[in-house]
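Chains as they are written, first to last, in the numbering used here: chain E, 207 to 518; chain R, 893 to 1547; chain Y, 362 to 581; chain A, 625 to 1109.
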Amino acid sequence: MTLAINVVQVLLLLLLAPLVRGVIARLKARIQNRHGASVWRPYADLLKLFRKEDLVPDSASFVFRLAPIVVFAATLVAAAFVPLLYGSALLQAMGDFILLVYLLALGRFFLMLGAMDGGSSFGGMGASREALVSTLAEAPFLLALMSVAIAAHTGSISGMVQWTLGQNFFQFSAVHALAFVALALVAIAETGRMPVDNPTTHLELTMIHEAMVLEYSGPSLALIEWASAIKLTVIMALLIALFFPWGAASSLSVLAIAIGSLALLLKMATLVLVLALVESSVAKLRMYLVPDFLGVASALAILAVVFTALMR
Amino acid sequence: MTQVAFSSFLGALLLVPVATLIFHRWAKARALPAVLLMGSLSVGIAVAAAAFYDGQKFAVDVSQVASFSFALSVDRLSAFFLLLICSVSLPVILFSSSYIPRHYSGARRHWLWVLLPLFLLSMVLVVTASTPFAFLFGWELMTLFSSGLILIDGDSEERRHSIFVYLLMMHAGAAAVIGAFLLFLPHASNFTEMRAGAAAMPPSLRMAVFLLAFAGFGTKAGIVPLHLWLPRAHPIAPSPVSALMSGVMLKTAIYGFVRFAFDFLGGGPSWWGYLVLLAGCVSGLLGVLYAIAEHDLKRLLAYHSVENIGIIYLGLGAALVFTANHAPRWAALALIAALLHCLNHAIFKSLLFLGAGAISDAARTLDLEELGGLQKRMRLTGAVFLVACCSIVGLPLFNGFVSEWLTFRSFLAGSEMTSLSATIILPLAAGVLALIGGLAAACFAKVYGVAFLGRPRSHEAESAREVSLPMQAGMGMLATACVVIGVFPGVVLRSLGKLTEELLPGAELPQAATSLSAVLPWIALFVLALVAGIASLKRTKRLTATWACGLPGLNERMQYTSTAFSKPLRKVFSQVYKADRTVETVPAGTPYFPVSISYSSVRTTSFEKSLYRPGINAIIAAAHRLRQLQTGNIQIYLLYIFAALIALLVFMRFV
Amino acid sequence: MGLFETAAAKALASSGVFLFMTVLLIAAAKRTSTCIALFSVQSLVIAAQIVAVSRMHHLPEGFAIAALVLIVKVITIPYALHRIVEELKVPRDVSSSTSPSQSVFIAAGLILLSFFAVRPYAGVLGGDQAMLAASVALVLTGGFLMISRKKALMQVVGLLVLDNGIFLAALTTTFGMPLVIEIGIVFDLLMGVFLMGLFVFRIRDTFNHVDVSKLRRLRG
Amino acid sequence: MLLLLPLFIPLAGALFVFSCRQPRIVVRAALTTGALELAAIGITVHRIHSQGVLNAGQYLRADGLTSFFLINLGLISALVLVYSSAYLRHVPEGRFSSLRWFYGLVFVFLFTMVAVFLSANLGMMWIFVEATTLASALLVGFYNTEGAIEAGWKYLIVCTVGIAFALFGTITLYLAAVKSGVSPQSALDWSTLMAAAPRLVGARELLKLAFVFVAVGYGTKVGFVPMHSWLPDAHAEAPSPISALLSAVLLNCAMYAILRFDAITSRAIGSGFGHTLLLIFGGVSLAVASLLMIVQRDLKRLLAYSSIEHMGIVAIGIGLGGALGFYGALLHTFNHSIAKTFLFFTAGNVQGNFGTLRMERIRGMASTLPWTGGALIMGGLAISGMPPFGLFVSELVILAGAFSTAHYFIAVLMLAGISIVFGALLYHFQHMLMGTPEDVRTRPALRASEITVMSVCALCLVVLGVHIPAAFAAILRGAMTVLRP
């Protein structure tokens, strides 16, 4: 039963990810007084791309086509660590949050390589910028998670979730606020949203992620897009699970699961709304302001750790 | 039995040079040294494995014939490092068996084959010695033989200077090590006595021993700011030798430090741990930052050795802090992390240096700006190099990740400590480690991306071909080791647990360590299944030209260079580099199209300027001042004698 | 206590003064040959002291030593040195780096210094304090001569004076050492002077001067 | 009467060599004499170890310490004689500088040094130490060049003055003995003094005075800073074999004298004062010499300063006292003798090939003179205390002595000094070995004799580095028992 639920959670993440993207796009369009495309658009895109053929630059090696697969696989495995409806995940181990961070790093590493394999200048440009952002994002990401882990006396994500479920909302410490903000900032950088990166831009000088995938097309592109959608959803789910898990099923009854999924839906929706509002209200940062942005995140994360240490 | 095998192993190592010198005229015996060497090394591996896994102990004592008490004995710790040395050297030698004949001829080749076994022997001596004399004997010889091996590659002015710096710093470090050993007197005839004697020592003396060991072994390990020699000496050696120096020789320093800090002294006050942690953080960060700015492959790799030594020191520091806080189990975990990272770094770093050797063999340059597109030309080399990159970056499913994960885990455990400093500092150290990891990822994305991917940037790279079979085989062995340890860390973790139990009383392996080895194979399976599944999907592919915004004439010079790639990071961390740039523009009529723009950026390691120069200058100035006193005037000389006499007569009145 | 003994005692007591005078005169002397002459006078005084001492303490071998000193230090060495001066055919002044008056004052200072120096030991040694002071003074002035005089030969003279001082010390404190040793020492001195003379000539031949302060090729 | 043998053989050799005119015969005679001398010394030493202390009359005695230094002398002098036979291929015939004079003076020199070791009486010992100066002065000036003459003069004057103070010290000791009721006839006899030492405690001040004068006096000859000024000049200007003899035997002679006095003083008034003095001298010598080695330009001057440095280390060993200290000091004396001989021979070859000892003119030896270059590397490693050479062991022993007696300052000083020396040698030697030679002269190949002696040195160095033969260990023990009864 538990296994079934865990598998279902992973599948949910896998299948709902494009929808989340679609919803965000639609909401942004509405906020900007455009009509916008349907929320199912990403699915259509993926289908179309999967049917197309792969265009491979003549200079490229096997890495070019391996990269998208690794990215997709790594992201999916990372997804398997995140509890969604119920306080347990398909994969869990002591200190698996480190594993989560590094699995995402694995994907990113290969994406950079794939970008540089194209042999054009855009790939290198995107990879180099991505290198900067991800390097600076990794430390706050890990520290924020660690502060929660310290508070929860456990190294595994599902363990933390269960611990948070045990607390009630009002005995929440400032630590969590700090950690949450830090993690949110990191999440923006990690998933390449505004104001760090503009997912919709196609100006060489501003784009990071888009520059990396410029050479890709067809199924490879589909895999990359899908993976990034999953990544976005996973990180949102992580935020929810770590900081607002309430409502998630505490027992494996059908009712509880139903309530859990409803709660999750609501929470997701709110988070999406917030994200859309932010994205359409702020302007993209200049490249060399991103370090400051992430510096704030790091500072918050460090504070979070220190406070947790002091409070215990 | 094992003892006999061990002695024969040592004997074989001594035999190889002799055989080389005897048979070097005989063309048929060209492969002889390599074969002999690999044979003896495999014996060594067998012995070490027996000692490491079954915990057999054995000793060889030649104090009777030696001029001093001279004995070797192998316990688990020695066995682990012996295993490391032998199992890493074997592939390296296999690689060299084809690399050396291709690049060195005549006397130089013979000298290589004479010095290599002696170098290995000296390292074996160091890790198996059980008396101070034996240890120091091996320690000094290790330096000498390695510098001899470097010298074989010729002597330009700056190579000479590098070797000078290397030998000098090694000698100073050795002096500190000698001090650390002799402070144990009168209980210093052998290690068992020292263990016993350490307990009785006053705290001040223990502190002195620790600091001397820290400085002495730190110099050899290359922690910042004692690292000055490392990026100088490692890149100029022949590639297999660089592999051995960076991969194996540095670890002997870690061995020595572990011997002292844990085996002899059994830990100490927690500030020892914090000191080591600090060294680890500084070395790790500066090492990787300097590496990013490099575009000479071997120098870059050398700086990464500094970084990885830093990571190892992070583990050691955590272990010291835990022992100070009476948490032997977590100390064990941290120590395991450090030791495992030693092994891992030995494997992937030597693999990387061998890869560098293969590149220089195929493309005849190590300047990243000249390389590119090698993956299509050297498939296997590229593949194993990619594996090595993933390992050193510490990505999951590769060995580097396991040890870094264990380090993270022990940092997290720091929050369980009672002392506030530990609960704050250790978790924050995890942040530093994460930053180091991120930077390393950026750096190796650059290395692999620029060297192996995209289009070749020079004719040499264009015409590169795959290297010979033995070289591929050697690198392949190491790459396999990377993946195996990365997926099934259990193969070493369990015995490492036993080792730490011997080192730290009351420490049994925390199940935290095993929980990872339980989950990793599943992830591997998962990823493998996905990759295989997706790859097996029938996907039509078409070769096209790279998108150039619809304009013609996209060429290799439009690719991002390694310098360009690292620019953003260098800009962000510009404080570290203190580079002084000069841009010279020769303007033409129009402001926008100058005739030529030349840009040069010189990075001087600020340590040399601020730390070493003043001291050295002071010494030399003193020497010159003393030289003035030696005026050739005999009357002055007589005056000195009378002065000395009178001074002593006065002194006598007071004593 | 016969007449001779009293005479000897008187002579002994007063001879210290003689020695001081020789010291001052040597310091003041302008010409090498004067210094040599003064040295032989000095040695003569010492020989006389030996005779007196050995007479007083009935040491038969003392006379042998006295004879030795007489032959070597009073006659042979000064004669040899004179011959060298003649042979060298170089300017004969001592070419000092200090003026005669300064030298005399310095010598006087050294004598005073030596008095202070020997005071603590006077008790232990028991010997005549003036004599002790004299011996130390000889040592010091000998050294002073070697340091201040630039002529190679003057360094030899300084060395001889210094040696006299040590000899005197041995005499006054211990009434001489075993005969064999004394002979050996004197023989060494003789050989030494011979060698130094040799070297003086070679210096003259090689450098065309005998100014040791100019021998400064080897330094650092 | 056996003791007269090692004394008379060199004298006879000297007389014969002086008397005969044929260069070839001179060389043969010299080699024969050397062989005989070595044999005589061998017999003496063996006799000493079979039947203990040997006496010959009132003034000659040989005990364990003697035998140790005799072995040293015998070995080195034999090597030097063999080396010279090839080295002096072409001496400028001149007054005092011909083969006859060379060998004649060498034998007189040897005689005086043997006599120093054999004399039982401190006065006698002084006489012969002074005699060594006189005998070797002409050898230092052998080449008759400006530098040689200057060096000879300085050597003669400075050492004579120094030795004069040693005489004063000897007299003072004699006085102290006589005052404490030792019969004047035997008051300078070493073993009598050792036996009577406890009674001398009354004359404490005198003994201290005596030791100060002796330390300065014989210290001048050992080359302690600041009395060392003669040493670099003499070593640099003398012919290479003589430099070897000076550095490897003569300095040990003076050190031997200091050891004898130190033994008495320590036994009488405790080792505190004397050993402090030696530690000061040793430390200063080590520090100053090691610094000066950095700025040397002449190869043999460099080696000379290294001799000062090593004598400093030996003095430190003695000053530390105790089993470790003395053992290390003696061992180091021996090792240093061999290593320094080896290096001076190498320097001789370098001079023969490049026609200069100015180090900035010597380049690319590794390529042009592989064997001499190899010798230079080996000697450099040995002299800077690297394994597997003997000096590594002896320096380690002395360091161990320093640490075990908690003389941490001395230990640190020593470690620092050794590192500086290593740096200096490395710096100078690597420049001589690498690079491209400026002028490649017609170089005479190494003679068989040269190769033999140098390989003997090398062998001794390596063997003593990894294994101390039982016989040698026995000799060392004998010497130790004499110093610390």
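Note that the Cβ used here is the ideal one computed from N, Cα and C, for glycine as well.
Owing to the predicted nature of the structure, the values given are computational and were not obtained by experimental measurement.
In this structure, DSSP gives R:Arg1434 an extended state, which the three-state scheme calls strand. Here A:Leu635 has Phe731, Val732, Phe735 as same chain residues with Cβ atoms under 8 Å from its own Cβ, once five neighbours each way along the sequence are excluded. Taking the beta carbon of Y:Gly526 as reference, no residue of chain R falls within 8 Å; the closest one sits roughly 13 Å away.
DSSP places A:Ala654 in the uninterrupted alpha helix (DSSP H) bounded by 647-675. At a cut-off of 8 Å, the C-beta of A:Ala739 has no neighbouring C-beta in chain Y.
Boundaries of the alpha helix (DSSP H) harbouring R:Arg1269: 1266-1269, taken from the DSSP string.
Taking 8 Å as the CB threshold, A:Lys845 stays off the interface with chain R.
Within the same chain, Ser709 come within 6 Å of A:Val651 by CB-CB distance, once the 5 residues on both sides are set aside.
In this structure, the beta-carbon distance from Y:Phe424 to Y:Val412 falls below 8 Å. In the DSSP annotation of this structure, the continuous segment of the beta strand (DSSP E) that includes R:Ser965 starts and ends at 963-966. Below 8 Å, too few C-beta pairs join the segment 353-372 of chain E and the segment 1484-1495 of chain R to call them touching: fewer than three. Residue-level contact check: Y:Ile472 does not touch chain R, since none of the beta carbons of chain R fall below 8 Å from its beta carbon.
The segment 1529-1542 of chain R makes contact with the segment 771-786 of chain A: 3 or more CB pairs, one atom from each, lie closer than 8 Å.
About 6 Å separates the CB atoms of Y:Val518 and Y:Leu506; that is less than 8 Å, so the two are in contact. Relative to R:Trp1005, the option among R:Gly1329, R:Ala911, R:Ser1162 whose CA is nearest is R:Ala911. E:Glu421 sits away from E:Gly293, with the two beta carbons spaced by 8 Å or more. Those residues of the segment 1512-1529 of chain R placed with their C-beta closer than 7 Å to a C-beta in chain Y are Arg1519, Gln1522, Thr1523, Gly1524, Asn1525, Ile1526, Gln1527, ordered along the chain.
Residues of chain R whose Cβ lies closer than 7 Å to the Cβ of Y:Arg580 are, in chain order, Gln1522, Thr1523, Gly1524. Under the DSSP assignment, E:Leu438 falls outside any beta strand (DSSP E), being part of the alpha helix (DSSP H) whose first and last residues are 424-449. Around the beta carbon of R:Arg1256, fewer than 16 other beta carbons lie within 10 angstroms, which makes this residue exposed. Residue environment: E:Ala464 is assigned as exposed (fewer than 16 neighbouring CB atoms within 10 Å of its CB, all protein chains considered). Listed by position along chain A, the residues whose Cβ is nearer than 8 Å to that of R:Pro1078 are Ser1028. Think of a sphere of 7 Å around the beta carbon of R:Met1367: no beta carbon from chain E falls inside it, the nearest being about 18 Å out. When secondary structure is reduced to three states using DSSP, R:Arg1473 falls in the strand class.
Using a 10 angstroms sphere on the CB of E:Gln238, the tally of other CB atoms stays under 16, which defines it as exposed.
Contact between the segment 1260-1279 of chain R and the segment 1356-1364 of chain R is present: three or more C-beta pairs spanning the two stretches fall below 8 Å. By the C-beta density criterion, A:Asn973 is buried, having at least 16 other C-beta atoms within 10 angstroms. Contact annotation: in the segment 1377-1397 of chain R, no residue has its CB less than 7 Å from a CB in chain E. At a cut-off of 8 Å, the C-beta of A:Val802 has a neighbouring C-beta in chain Y.
Each of R:Thr1035, R:Arg1000, R:Pro993 was checked against the Cα of R:Leu1010, and the nearest Cα belongs to R:Thr1035. Taking R:Ile1328 as the centre and dropping the five residues before and after it, the same chain places the C-beta of Gly1176, Leu1177, Val1180, Glu1199, Gly1202, Ile1203 closer than 8 Å to its C-beta, in chain order. Within its own chain, the residues whose Cβ lies closer than 7 Å to the Cβ of R:Met1309, once the five positions on either side in sequence are excluded, are Asn1217, Ala1219, Thr1315, listed in chain order. Residues of the same chain with a CB within less than 7 Å of the CB of R:Trp1031, apart from the 5 flanking positions on each side, are Val1018, Ala1066, Val1069 in chain order. Look at Y:Gly504: its C-beta is under 8 Å from a C-beta on chain R. Y:Ala398 and Y:Ser475 have their C-alpha atoms spaced approximately 24 Å apart. Listed in chain order, the alpha helix (DSSP H) elements of length 4 or more contained wholly in the segment 678-722 of chain A are 688-711.
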